Amino acid sequence: MIIAKIIDGEANITLDDLTKKIKENTIISECGAIFTFEGIVRGKDESKTTDKITLTSSDPEKTEKELEIILNDVKKTHGVKYMAVVHYLGQFEPGDPMFLAAVAGAHRHETRAALEEIIERVKYELDFKKVEEGSAGSNVIMSGG
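At the far end of the sequence shown sits residue 1615, using this note's numbering, and the numbering has no gaps.
Okay, here's the thing in structure tokens:
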């Protein structure tokens, strides 16, 4: 099973929600591992602080379809049983969640590898524009940054 969501607005789905959804599915009997990831806004870097991030997509529906393609590819490659991914759009402050992923599979190795591939491909392949505002002023980062 695959769940892929691009949500514009307030974060109302949590990692606990994603994990619960996996555990309530009958596929759980075929799973021996669940790996999760929560990408949050980092407030301090080596040389700057970030007060706020605004994340947008020029076409959220297209971006969600591209996310589904990534997840289908990952499922074929790694043979995992269940993936649930949520990526938020909007304004965020340090500590706010922006990206949630949960992957369940029969064994830890392929499940962890699937999660790592999802994280990297979402970062570099989906069409996002991120504006960071903080001590260094405003900085625009297009997808892949």
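In this text, a Cβ means the ideal position worked out from N, Cα and C, and glycines have one as well.
For clarity, every value in this text was computed on a predicted model and none was experimentally measured.
query	result
Who are Met-1612's beta bridge partners in DSSP?	Lys-1599
Are three or more beta carbon pairs between the segment 1570 to 1589 and the segment 1542 to 1556 nearer than 8 Å?	yes
Report back the beta-carbon spacing between Glu-1595 and Glu-1536 to the nearest angstrom; my notes put them in contact at under 8 Å.	7 Å
Thr-1484: which of Leu-1570, His-1577 and Val-1592 sits nearest, CA to CA?	Leu-1570
When the distance is taken between beta carbons, is Ala-1572 closer than 8 Å to Thr-1520?	no
If Leu-1525 sits next to Leu-1559, beta carbons under 8 Å apart, how far is it from one beta carbon to the other, in whole angstroms?	5 Å
Is the Cβ-Cβ distance between Ile-1523 and Val-1592 less than 8 Å?	no
Just reading off the beta strand (DSSP E) that His-1577 is part of, what are its end residues?	Here His-1577 belongs to no beta strand (DSSP E), and DSSP marks it neither H nor E.
Just to confirm the assignment, what range does the alpha helix (DSSP H) spanning Glu-1550 have?	It should be noted that the sequence gives Val, not Glu, for residue 1550. Unbroken run through Val-1550: none, as it is neither H nor E.
In whole angstroms, what is the alpha-carbon distance linking Ser-1608 and Ser-1499?	48 Å
The alpha helix (DSSP H) spanning Lys-1491 covers which residue range?	1485 to 1494
Counting only the same chain and skipping the five closest in sequence on each side, list residues whose C-beta sits under 8 Å from that of Ala-1503.	Ala-1574, Gly-1575, Ala-1576, His-1577, Arg-1578, Thr-1581 and Arg-1582
Report all residues from its chain with a CB closer than 8 Å to the CB of Gly-1565; omit the five preceding and five following residues, and keep chain order.	Ile-1510, Val-1511 and Gly-1513
Once DSSP output is grouped into helix, strand and coil, what is the label at Glu-1516?	coil
Can you list, in chain order, the residues of its chain with a C-beta nearer than 6 Å to that of Glu-1508? Leave out the 5 residues immediately preceding and following it.	Leu-1485, Pro-1567 and Leu-1570
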